Structures are given as C-alpha cells and as structure tokens.
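For the sequence shown, UniProt numbering gives the first residue as 1, with consecutive numbering after it. Structure first, commentary second.
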Amino acid sequence: MFIPSEMEQISLPLDNVKEKLEPMEPNQDYIDAFQLESELMDSPSLPNSTIYTDVNVVPEHEKGQLGHSILNLEGEIAGLKQKERLLDKKRREALNKILDIKGSIRVFCRVRPFLLSDRRRIHEPISIGLEKVVVKSVGIRKEYRYDKVFHQAATQEDVFVEVEPILRSALDGHNVCILAYGQTGTGKTFTMDGTNNQAGIIPRAIEELFRQASLDNSSITFSMSMLEVYMGNLRDLLAPKVASRTHEVAAKCLNIQTDPKGMVEVEGLTQVQIPDTAKAKWWYAKGRRARSTSWTNVNETSSRSHCLMRITISRHGDDSKAKAQVSKLWMVDLGGSERLLKTGATGQTLDEGRAINLSLSALGDVIAALRRKRGHVPYRNSKLTQILKDSLGKPLHEQKIKNFSSIEIHIAPSGS
Numbered sequence: 001m002f003i004p005s006e007m008e009q010i011s012l013p014l015d016n017v018k019e020k021l022e023p024m025e026p027n028q029d030y031i032d033a034f035q036l037e038s039e040l041m042d043s044p045s046l047p048n049s050t051i052y053t054d055v056n057v058v059p060e061h062e063k064g065q066l067g068h069s070i071l072n073l074e075g076e077i078a079g080l081k082q083k084e085r086l087l088d089k090k091r092r093e094a095l096n097k098i099l100d101i102k103g104s105i106r107v108f109c110r111v112r113p114f115l116l117s118d119r120r121r122i123h124e125p126i127s128i129g130l131e132k133v134v135v136k137s138v139g140i141r142k143e144y145r146y147d148k149v150f151h152q153a154a155t156q157e158d159v160f161v162e163v164e165p166i167l168r169s170a171l172d173g174h175n176v177c178i179l180a181y182g183q184t185g186t187g188k189t190f191t192m193d194g195t196n197n198q199a200g201i202i203p204r205a206i207e208e209l210f211r212q213a214s215l216d217n218s219s220i221t222f223s224m225s226m227l228e229v230y231m232g233n234l235r236d237l238l239a240p241k242v243a244s245r246t247h248e249v250a251a252k253c254l255n256i257q258t259d260p261k262g263m264v265e266v267e268g269l270t271q272v273q274i275p276d277t278a279k280a281k282w283w284y285a286k287g288r289r290a291r292s293t294s295w296t297n298v299n300e301t302s303s304r305s306h307c308l309m310r311i312t313i314s315r316h317g318d319d320s321k322a323k324a325q326v327s328k329l330w331m332v333d334l335g336g337s338e339r340l341l342k343t344g345a346t347g348q349t350l351d352e353g354r355a356i357n358l359s360l361s362a363l364g365d366v367i368a369a370l371r372r373k374r375g376h377v378p379y380r381n382s383k384l385t386q387i388l389k390d391s392l393g394k395p396l397h398e399q400k401i402k403n404f405s406s407i408e409i410h411i412a413p414s415g416s
C-alpha cells in the first residue's frame with residue numbers, strides 16, 4: 001500500500017471550495033437548554049441567582065439554611081413513620097377484633113362434586129345451605145352447622161377468600177393453623193394442594209405471604225419445615241435422603257420439646273430458608289413426594305399419614321438490635337378418617353388407618369375442649385396435637401375445612 005509523504009500535497013480544484021460559508025441552521029437543543037438555564041436563574045424559589053456546582057463554594061449562610069431544611073424534612077419523615085406505625089397497630093387490632101367476632105376457631109365445610117367413579121353409588125343423601133348440611137340416609141335425618149358451607153360448584157378461589165385474612169394475622173405475629181379434615185377420598189388434598197390449573201390453599205397462601213411481606217415496611221423472612229405423623233411417629237419430609245432409611249429410623253431423630261413459655265419445637269426437624277415463592281414451592285413439592293400413600297378401595301393414592309407444613313415468620317422492626325417477632329403458620333392435610341370395612345384395608349394399610357383414626361379422635365377432643373373453654377385440654381393424647389399445641393391453644397386463629405363427599409358411602413364418618 002502506498003502512503004504519501006508529509007511533503008506531498010493533494011490539490012483540489014478551486015471550484016470545489018466555496019468562497020463564502022453559508023449560515024448554519026440554529027440548533028434547537030441548544031436554544032432549549034439556554035432558555036431552561038435562564039428560567040432557573042430567574043426562579044424566585046432559589047435563594048439568589050447563583051447556581052453552584054461545587055459544594056465547597058456555597059456560602060456558609062446558605063449551608064445553614066440547607067441544613068435547617070434537611071432537619072425539618074427528617075422531622076417530617078419521622079412523624080410520618082410514627083403515624084404509619086399507629087395506623088398499622090390500629091389495623092392489627094381491627095383485624096383481630098373481626099377474627100375474634102367470627103371466632104378464633106372456625107369450621108368450614110366443602111362438599112366435593114360427583115366424580116365418574118361415584119356414578120354407581122349416588123343416592124343424593126345431602127342438601128346444602130349457606131351454613132348447614134342436612135344428611136339423609138337410611139331414613140335418618142341429621143343436620144350439621146358450620147361457619148360456612150361451600151357447595152359442589154365452589155372454586156378454589158372461593159375457599160381461599162375465606163382463608164386469606166388469617167394470613168395477615170400470621171404476619172402480625174399470631175400463630176395460625178389451617179387443617180383439612182374428612183374421610184378418605186373427599187378432596188382434602190385437592191383443597192390444600194390443588195393442581196397446576198387449580199391451585200389450592202397452600203400454593204395460594206405462599207404467594208399471598210410474599211406479596212403482603214413485600215408491601216410491609218418491616219423486614220420479614222420466611223423458613224419452611226415439613227413432616228408427617230405416620231403410625232404415631234414423626235418423619236422429616238425435607239431431610240436429605242439416606243440409603244436404607246426406614247420410617248422408624250427417621251422417627252428416632254425427631255423429638256417434641258416444649259419450652260417454659262409453652263412454645264413447641266421438634267428437635268432435629270429440617271428448616272430451610274425460603275427467599276421467594278419459587279423456592280418455597282420447590283421445597284413443598286419435594287416434601288409432598290416423600291409423603292406416604294397407598295391404594296385403598298376408596299382412593300388409589302390414599303394418604304397414610306398427616307402431612308404438616310410449617311412456615312416460620314420472622315419479623316424484624318426498625319431496631320436492628322431488637323429480637324425478631326416469630327410466629328408460625330401451620331397448614332395441615334390430615335389423613336382421611338376411615339370406615340375400615342369400606343376401604344378394604346388389610347395388614348399394614350389397616351394398621352395405618354387405625355393410627356390415623358386414633359389421632360383424629362384426639363384432635364377432635366382437643367378442639368372440642370378449646371371451643372368449650374375447658375380447663376384441661378388433652379394435648380398429650382397424640383403426637384399430632386402435641387406438635388400443634390402452641391398453634392391450637394391461645395393466642396391462635398384456626399380454620400378447619402371439613403370435606404364432605406355427596407355420596408352415601410361417605411356420610412357416616414364425615415358427619416360425625
């Protein structure tokens with residue numbers, strides 16, 4: 001490639017050089033910027049017409065004025081924060097009053113719609129009202145009253161709307177317990193878990209907790225634990241898999257402890273941090289896969305245990321040195337109450353059904369004692385009630401969803 005030397009010149013025809021430069025068009029951006037600067041200089045809101053770009057050249061008297069303005073703003077901010085705390089306190093008090101008026105223990109009933117597998121057994125034994133279910137079977141009429149009844153057409157959203165207020169109560173520092181109870185095959189797991197297209201209470205609650213926490217001015221963190229009560233023993237559903245592990249081996253690692261304040265803890269239970277909804281749902285799905293199920297005449301994947309999922313809520317206020325406020329949210333898919341002759345269970349499955357029925361009976365005794373405000377509450381009659389003691393006893397907000405199936409085979413135990 002040839003590069004000309006510095007001495008060489010490139011000549012151009014003079015015709016290509018204009019003797020006179022034409023005037024340039026004015027640049028509108030410069031004009032706008034100049035006008036803006038002029039307006040700022042003339043603004044009466046400025047102390048004077050000088051704009052300082054270096055803080056070191058700001059006169060001392062103006063620094064004092066700015067400092068005074070900053071102090072005033074900080075005082076206003078502190079006052080607004082105080083008002084916000086007072087309003088939040090009033091909101092919590094109002095919510096608790098509403099929940100107390102409704103009842104600290106509320107029982108809902110959800111009637112499962114007919115399935116194709118029910119066709120041969122349908123006898124229309126149930127009539128449904130807003131707060132009662134009437135059972136008619138073998139010439140006997142029984143009426144059961146609830147805080148609310150969800151008919152067959154009720155959606156997952158309809159059920160969650162009634163549950164959602166107590167999630168706010170859990171974030172406010174109260175222990176909360178949500179249980180799904182009913183006979184095998186009545187839709188408890190569907191109510192609590194749902195499907196990909198029809199999310200149940202638990203996935204909806206997880207999303208709602210994180211949504212409400214994001215709007216809260218306090219720092220709120222969540223952790224999760226899952227266990228099942230199987231044949232009277234405790235199994236950690238989130239524990240790392242160990243080769244040749246059996247139910248008995250896993251149960252030996254878990255002990256129920258109660259501190260002097262009455263708070264219950266399960267020693268050795270895995271607790272994982274859940275920073276977001278995706279991670280929370282991932283851990284929950286992992287725990288569900290580890291749950292014990294087996295086949296019965298009533299349900300091909302009958303749950304053979306009580307599955308308990310606990311979300312521990314830690315609330316940190318403005319004072320970083322203060323101890324965090326801790327509350328628990330239990331969401332429980334109870335094993336199905338069973339008429340053992342109808343399930344066709346034998347051997348181990350029969351023993352599992354008996355264990356489930358015994359613990360459900362103990363839970364019923366505890367709830368009855370609490371509702372009647374008895375002096376003695378028989379928590380120690382089962383592992384299930386021992387674990388839930390500090391969330392069933394006061395201060396608490398409990399909601400129990402009783403699942404019915406509108407086919408005759410399910411009436412007797414569910415109506416009890």
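Even glycine gets a Cβ: it sits at the ideal position worked out from N, Cα and C. Being a predicted model, the structure only gives us computed values, none of them experimental.
How would you label residue i, buried or exposed, when you count the other beta carbons within 10 angstroms and need 16 or more for buried?
{"i": "Ser214", "result": "exposed"}
{"i": "Gln399", "result": "buried"}
{"i": "Ile409", "result": "For Ile409, the pLDDT reaches just 36, beneath the cut-off of 50, and the residue's location in the model is therefore unreliable, although a value from the coordinates is still provided. When all chains shown are included, Ile409 counts as buried."}
{"i": "Thr155", "result": "exposed"}
{"i": "Arg168", "result": "buried"}
{"i": "Glu228", "result": "buried"}
{"i": "Ala170", "result": "buried"}
{"i": "Glu93", "result": "exposed"}
{"i": "Ile77", "result": "exposed"}
{"i": "Pro113", "result": "exposed"}
{"i": "Gln183", "result": "buried"}
{"i": "Thr258", "result": "exposed"}
{"i": "Val163", "result": "buried"}
Sort out for me which residues DSSP pairs residue i with in a bridge.
{"i": "Phe150", "result": "Arg110"}
{"i": "Lys400", "result": "Val107, Leu179"}
{"i": "Ser127", "result": "Val134"}
{"i": "Phe222", "result": "Ile313"}
{"i": "Trp330", "result": "Cys177, Arg310"}
{"i": "Val272", "result": "Met224"}
{"i": "Val266", "result": "Ile256"}
{"i": "Lys142", "result": "Val135"}
{"i": "Asp351", "result": "DSSP output for Asp351 lists no bridge partner at all."}
{"i": "Ser337", "result": "Gln183"}
Out of curiosity, what's the CA-to-CA distance linking residue i and residue j?
{"i": "Glu62", "j": "Ser69", "result": "11 Å"}
{"i": "Ser104", "j": "Leu66", "result": "54 Å"}
{"i": "Leu329", "j": "Val264", "result": "13 Å"}
{"i": "Val17", "j": "Pro59", "result": "The predicted model places Val17 with a pLDDT of 46, which falls under 50 and marks its position as unreliable; any figure quoted below should be read in that light. Distance between the alpha carbons of Val17 and Pro59 is about 54 Å."}
{"i": "Tyr284", "j": "Ile140", "result": "43 Å"}
{"i": "Asp276", "j": "Ile201", "result": "17 Å"}
{"i": "Cys109", "j": "Leu254", "result": "33 Å"}
{"i": "Cys177", "j": "Asn196", "result": "24 Å"}
{"i": "Leu130", "j": "Ala205", "result": "24 Å"}
{"i": "Ala199", "j": "Gln212", "result": "19 Å"}
{"i": "Gly75", "j": "Val161", "result": "40 Å"}
Among the options, whose alpha-carbon lies nearest the alpha-carbon of residue i?
{"i": "Gly375", "options": "Val366, Ile166, Ser127, Glu74", "result": "Val366"}
{"i": "Arg91", "options": "Glu74, Pro165, Gln152, Phe160", "result": "Pro165"}
{"i": "Lys261", "options": "Arg304, Asp390, Lys241, Phe190", "result": "Asp390"}
{"i": "Pro240", "options": "Pro203, Asp216, Leu269, Asp158", "result": "Leu269"}
{"i": "Asn233", "options": "Gln82, Leu370, Gly64, Ser359", "result": "Ser359"}
{"i": "Ile313", "options": "Lys83, Met224, Lys281, Arg291", "result": "Met224"}
Exercise for the section: Report the residue ranges of all beta strand (DSSP E) runs contained in full by the stretch 180-204; include only those spanning at least 3 residues, in chain order. Expected result: none
Exercise for the section: Could you pull out every unbroken alpha helix (DSSP H) segment of at least 4 residues lying fully inside the stretch 61-91, listed in chain order? Expected result: Within the stretch 61-91, no complete alpha helix (DSSP H) run reaches 4 residues.
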